[in-house]
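Q: The structure's right below; bear with me while I get my questions together.
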Amino acid sequence: AQSVSQHNHHVILSEAASLELGCNYSYGGTVNLFWYVQYPGQHLQLLLKYFSGDPLVKGIKGFEAEFIKSKFSFNLRKPSVQWSDTAEYFCAVEGNNRLAFGKGNQVVVIP
Amino acid sequence: GAGVSQSPSNKVTEKGKDVELRCDPISGHTALYWYRQSLGQGLEFLIYFQGNSAPDKSGLPSDRFSAERTGGSVSTLTIQRTQQEDSAVYLCASSLSGSGIDTQYFGPGTRLTVL
Chain A
1046 AQSVSQHNHH VILSEAASLE LGCNYSYGGT VNLFWYVQYP GQHLQLLLKY
1096 FSGDPLVKGI KGFEAEFIKS KFSFNLRKPS VQWSDTAEYF CAVEGNNRLA
1146 FGKGNQVVVI P
Chain B
10 GAGVSQSPSN KVTEKGKDVE LRCDPISGHT ALYWYRQSLG QGLEFLIYFQ
60 GNSAPDKSGL PSDRFSAERT GGSVSTLTIQ RTQQEDSAVY LCASSLSGSG
110 IDTQYFGPGT RLTVL
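Chains as they are written, first to last, in my numbering: chain A, 1046 to 1156; chain B, 10 to 124.
Here's what the structure looks like:
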């Protein structure tokens, strides 16, 4: 079965700071990777996904993620965060007809 | 509708009662998923429906949990004899074909509280 590890569950940073959230996965099959975001009071929505091709994936709102196969990683980055990026971020790996999610990163951006 | 809808948005019940949670997927999506989100366990897969095929029930935590999908559209998750550990947010998602690269679109969830 697939699994995902996310570290630094609570992240607090100031506006304009850079953000990087780590994601490591474990899965023996074809890797399809996702980052979802949950803004306060809203439902989960897709930020970006990787399934093949260029390992550097660009998503919405200036986010990007890099798939590094040798490190089993899919880290999320944003060069300059805004207050509106305050949210919970979930990394997920697809396999066996389901998503396996990490525990999430609670990110708070201070104006 | 434009997105996945779920009802009710909140449900408070007493221990031992049965509850039904409903999900309306995005029109035209053949795949439907149920997950639950709780503080201790994070987001966990429960069950997967694809078209008219038999569902993948491997994520259901006990035989008190069951789900059905009628006419390949609306789905109902039923929890019998609810326990306090069933308290969680139950999320429904749908995708176009169930392919591994498809995006799963999530609904707003049903927050279940078992007293």
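Heads up, the beta-carbon is just placed ideally off N, CA and C, and yes, glycines get one too.
#1: Under 7 Å between beta-carbons, which chain A residues line up against B/L52? List them in chain order, please.
#2: Tell whether a beta-carbon distance below 8 Å holds between A/V1102 and A/L1093.
#3: For B/P2, is the classification buried or exposed, using 16 other Cβ atoms within 10 angstroms of its Cβ as the cut-off for buried?
#4: Give me whichever residues DSSP pairs with A/L1093 in a beta bridge.
#5: Between the beta-carbon of A/V1166 and the beta-carbon of A/F1146, is there less than 8 Å?
#6: Here's a check: name, in chain order, each residue in its chain whose Cβ is nearer than 7 Å to the Cβ of A/L1091, leaving out the five neighbours to either side.
#7: From A/Q1087, A/Q1127 and A/E1111, pick the residue whose C-alpha is nearest to that of A/E1060; which is it?
#8: Strictly below 8 Å CB to CB, what residues from chain B border A/F1108?
#9: Classify B/Q93 as helix, strand or coil using the three-state DSSP reduction.
#10: Can we say the segment 10-17 of chain B touches the segment 63-80 of chain B, given the rule of at least three CB pairs closer than 8 Å?
#11: With distances taken from CA atoms, which of B/Y99, B/Q59 and B/Q92 is nearest B/L105?
#12: Note down, in chain order, every chain A residue with its Cβ under 9 Å from the Cβ of B/F74.
#13: Check whether the Cβ atoms of B/L30 and B/Q15 lie closer than 8 Å to each other.
#14: Check whether chain A comes within 8 Å of B/P117, counting only Cβ atoms and requiring the distance to be less than that.
#15: Taking the continuous beta strand (DSSP E) assigned at A/A1132, which residues delimit it?
#16: State buried or exposed for A/Y1084, treating a residue as buried only when at least 16 other CB atoms are found within 10 Å of its CB.
#17: Contact defined as beta carbons within less than 8 Å: I believe B/Q89 pairs with B/V123. What is the distance between those atoms, to the nearest angstrom?
A: The structure says:
#1: If you number the second sequence from 1, residue 52 of chain B lands on position 43. Per Cβ cutoff of 7 Å: F1135 and F1146.
#2: For this step, residue 1102 of chain A is matched to residue 57 along the first sequence. For this step, residue 1093 of chain A is matched to residue 48 along the first sequence. It is a contact, given that the beta carbons lie within the stated cut-off.
#3: What is shown of chain B runs 10 to 124, which leaves residue 2 of chain B out entirely.
#4: As a working note, residue 1093 of chain A is residue 48 in the first sequence. A/W1080, per the DSSP bridge assignment.
#5: One cannot answer for residue 1166 of chain A here, as it falls past the ends of chain A, which runs 1046 to 1156.
#6: By 1-based counting over the first sequence, the position of residue 1091 of chain A is 46. Excluding residues within five positions, the ones whose Cβ falls inside 7 Å are F1079 and Y1081.
#7: Residue mapping note: residue 1060 of chain A aligns to position 15 of the first sequence, counting from 1. It is A/Q1127.
#8: Counting from 1 along the first sequence, the entry for residue 1108 of chain A is found at position 63. The contacting residues do not exist; A/F1108 stays about 15 Å from chain B at best.
#9: If you number the second sequence from 1, residue 93 of chain B lands on position 84. The answer is helix: DSSP assigns B/Q93 an H, G or I state.
#10: no
#11: Within the second sequence, residue 105 of chain B is the residue found at index 96, counting from 1. For B/L105, the nearest C-alpha among the options comes from B/Q59.
#12: Along the second sequence, read from residue 1 onward, the residue named residue 74 of chain B stands at position 65. Those within 9 Å of B/F74 in chain A number zero; the least Cβ separation is about 15 Å.
#13: What you label residue 30 of chain B is simply residue 21 of the second sequence in a count that begins at 1. What you label residue 15 of chain B is simply residue 6 of the second sequence in a count that begins at 1. Yes. Within cutoff.
#14: By 1-based counting over the second sequence, the position of residue 117 of chain B is 108. With 8 Å as the cut-off, B/P117 counts as an interface residue toward chain A.
#15: Working through the first sequence from its first residue, we reach residue 1132 of chain A at position 87. Counting along the chain, the beta strand (DSSP E) containing A/A1132 begins and ends at A1132 to G1140.
#16: Counting from one through the first sequence, the residue named residue 1084 of chain A turns up at place 39. Under this definition A/Y1084 is an exposed residue.
#17: For the purposes of this step, residue 89 of chain B is taken as residue 80 along the second sequence, with counting starting at 1. For the purposes of this step, residue 123 of chain B is taken as residue 114 along the second sequence, with counting starting at 1. 12 Å between Cβ atoms; not a contact.
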